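Numbering (my numbering), first residue to last: 994 to 1245.
Glycine included, C-beta positions come from ideal geometry on N, C-alpha and C.
On a predicted model such as this, the values are computed, not experimentally measured, just so you know.
This report concerns only the one structure given below.
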Ligand code: 13P
């Protein structure tokens, strides 16, 4: 079993179109020799098309930060998986904690989004993770278990093969407070064991689990050395091309 490491940059609500294009061009140049790693960037929606143009033919894929669960219709402000695919995306982030916290996303909407995304031929990076309060009250594993069982409810093994999980402890996002490598490993191993319980060993062995939360050039090597950490979903440190390029080229 080999899981290809995956490093994805989530630019969140940062960068104008011009800035996004400039950063994408720098990354294309800096990473053109890198192989054996899946690399992706998730700019804001308005920059998807121009960034797609810049990274065309490169080893960087285009990721959407969010997606809606219908193909089209009267849903002001939403974007469908088909539209994202047509704009050049190969993947969408679903259930990021900021969407759960500020925009009412739930395990149920996460499940609907996963289904629609996969139907449209997009892969999904599905985010799960506990808050500080949940960790401190000893509920980390029960929260993760519920997010897995409800978020992935009734998905088929074929669908699971097109999913990447991102474990992002909410207390580590944008705080500079990274989970230690062993805390990440413990959570990842737990998540993998739950996937095994639902889908069997072959799928559990294959599914990639990324860590997200204050990943930086200075801590990525240590995190990636853990056996169940298969990549990183990087926020702040992905905004600078030099720092993201270094993270992508973590030493293995
Ligand atoms: P930071 O790397 O800024 O902590 O953000 C992590 C994240 O939320 C990636 O999706």
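In the DSSP assignment, residue 1031 falls within the beta strand (DSSP E) that extends over 1031–1035. Uninterrupted beta strand (DSSP E) stretches at least 3 residues long and entirely within the region 1015–1084 occur at 1031–1035, 1053–1057, given in chain order. The closest CA to that of residue 1048, considering only 1061, 1083, 1198, 1174, is found on 1083. Residue 1021 and residue 1167 have their C-alpha atoms roughly 25 Å apart.
Between residue 1147 and residue 1118, the alpha-carbon positions lie close to 17 Å from each other. Under the DSSP assignment, residue 1201 falls in the beta strand (DSSP E) whose first and last residues are 1201–1205. For the 9 Å CB-CB criterion, residue 1153 and residue 1121 do not form a contact. Between residue 1109 and residue 1074, the C-beta gap is smaller than 9 Å, which places the two residues in contact.
Relative to residue 1217, the option among 1190, 1176, 1196, 1192 whose CA is nearest is 1176.
Distance from the CA atom of residue 1171 to the CA atom of residue 1081, rounded to whole angstroms, is 32 Å. With a cutoff of 8 Å, residue 1120 counts as near the ligand 13P, since its C-beta is closer than that to a heavy atom of the ligand.
Counting C-beta pairs closer than 8 Å gives fewer than three between the region 1085–1105 and the region 1127–1136, which falls short of the contact rule. At least one heavy atom of the ligand 13P lies less than 8 Å from the C-beta of residue 1005. Cβ-Cβ distances below 7 Å link residue 1061 to 1068, 1071, 1072, 1073 in the same chain, with the five nearest sequence neighbours on each side left out; the list follows chain order.
The ligand 13P never approaches residue 1181 closely enough for any of its heavy atoms to be under 8 Å from the residue's Cβ. The beta-carbon separation of residue 1017 and residue 1034, rounded to 7 Å, stays under the 8 Å limit for a contact. With a minimum length of 3 residues, the unbroken runs of beta strand (DSSP E) contained wholly in the region 1126–1196 fall at 1156–1160.
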